[in-house]
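One structure is given below, encoded as structure tokens.
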Amino acid sequence: MSFSFTFAAPPAAHDLSVLLGRALRLDDAGAVRLTAGDGVLAVYVAVLTPKGLLDRGATVLGLRTLAITDGTFDVVVSIRALQTTVDAALAVASPAAASPATDSTETVTISVPSVVSTIVWAGISPPRGGWQRMAPLAASGFASAARAGIDEVASAIPAGVGELIVHRVRGEVWGRPLPEAAHLPTGTAFALESLGFLDDDPVQQFATGPWMRLTTARGHVLVKQSAWSLGV
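With our numbering, the residue at position 193 of the sequence shown is 202, and numbering never jumps.
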């Protein structure tokens, strides 16, 4: 079965392309989950996920929502394939629509590439309702924690090491409590920074059950930990 969706104007397609480019830098062989319905496209990207049943690390997902004019589906596709499709659709649009700064109202239709069916994290669905608002956190704390963690990971992983060692080091660094918010893993800072979701405004916090949602004007980061509490 084939699917497609349409953006009412080119800027949303450009935004999706930028997000996919950032996601590729995290995992050049990764996948993205797309859910469409009621005029909204939700784009989920896995930033950190457990490896195997004995891995007690957190699941950290990035989420961006974009307005669309049509389309109803829930699929998982290759990040690279989707970005190629989006960029190709923009390339055949008019010169005005092809510019990221365009104010064109030309619609852009995207054909969804072949579905990937073996992505475990895509079966984890954050709840849609019941979120409890918590106190906001300063964006600067997330930015500094992300930069420190990126530097630490880079210095701790020599070239040519195996995937298991890389995952262990990243798990140790990004699994630590965030200095300014011990109920959150530092991996949430990495997700906000690497996906381009941070700005100067505070990061809003929401909680429901084992899930936390961190929200800015640019996107959301969702985190599900194996065991934690709101004791802060």
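C-beta atoms are modelled at their ideal positions from N, C-alpha and C, and glycine is treated no differently.
For Pro194, the enclosing beta strand (DSSP E) covers residues Ala190 to Pro194.
With distances taken between CA atoms, Gly30 lies nearest to Thr93 out of Ser13, Thr116, Thr93 and Ile77. Under the DSSP definition of a beta bridge, Ala152 lacks any partner. Counting the other Cβ atoms within 10 Å of the Cβ of Gln214 gives 16 or more, which makes it buried. Given a length threshold of 4 residues, the stretch 108-146 has no whole run of the alpha helix (DSSP H) inside it. Just so you know, the alpha carbons of Ala100 and Ala200 end up roughly 29 angstroms apart. For Val125 against Ala55, the beta-carbon gap comes to about 12 angstroms, at or over 8 angstroms, which does not count as contact. Pairing Gly138 with Arg89, the inter-Cα distance amounts to about 31 angstroms. Sequence-distant partners of Thr195 (beyond 5 residues in either direction) whose C-beta falls short of 6 angstroms from its own C-beta, in its chain, are Ala154, Gly158, Trp183, Arg185 and Leu187.
Here Ile77 is buried, its C-beta having at least 16 other C-beta atoms within 10 Å.
Contact between Leu91 and Leu75 is ruled out by a C-beta separation of about 13 angstroms, above the 8 angstroms threshold. Annotation: Val232 to His192 spans about 11 angstroms, alpha carbon to alpha carbon.
Under the three-state reduction of DSSP, Phe14 is assigned to strand. For Ala226, the three-state secondary structure derived from DSSP is coil.
Per DSSP, the continuous alpha helix (DSSP H) segment holding Arg177 begins and ends at Glu172 to Trp183. With respect to the 8 angstroms criterion, Ser164 and Leu35 are not classified as neighbours on the basis of their beta carbons. The residues Ala55, Thr58 and Thr68, in chain order, have a CB closer than 7 angstroms to that of Trp130 in the same chain once the five nearest residues on each side in sequence are set aside. Only exposed fits Asp210, as fewer than 16 other CB atoms lie within 10 angstroms of its CB.
Scanning the stretch 31-66 from its first residue to its last, no whole alpha helix (DSSP H) run of 4-plus residues comes out. In the structure shown, Ala100 adopts helical secondary structure according to DSSP, grouped into three states. Scanning its chain for C-beta atoms nearer than 7 angstroms, with the 5 sequence neighbours on each side dropped, one finds around Ala148 the residues Leu207, Asp208, Asp209, Asp210, Pro211 and Val212, in chain order.
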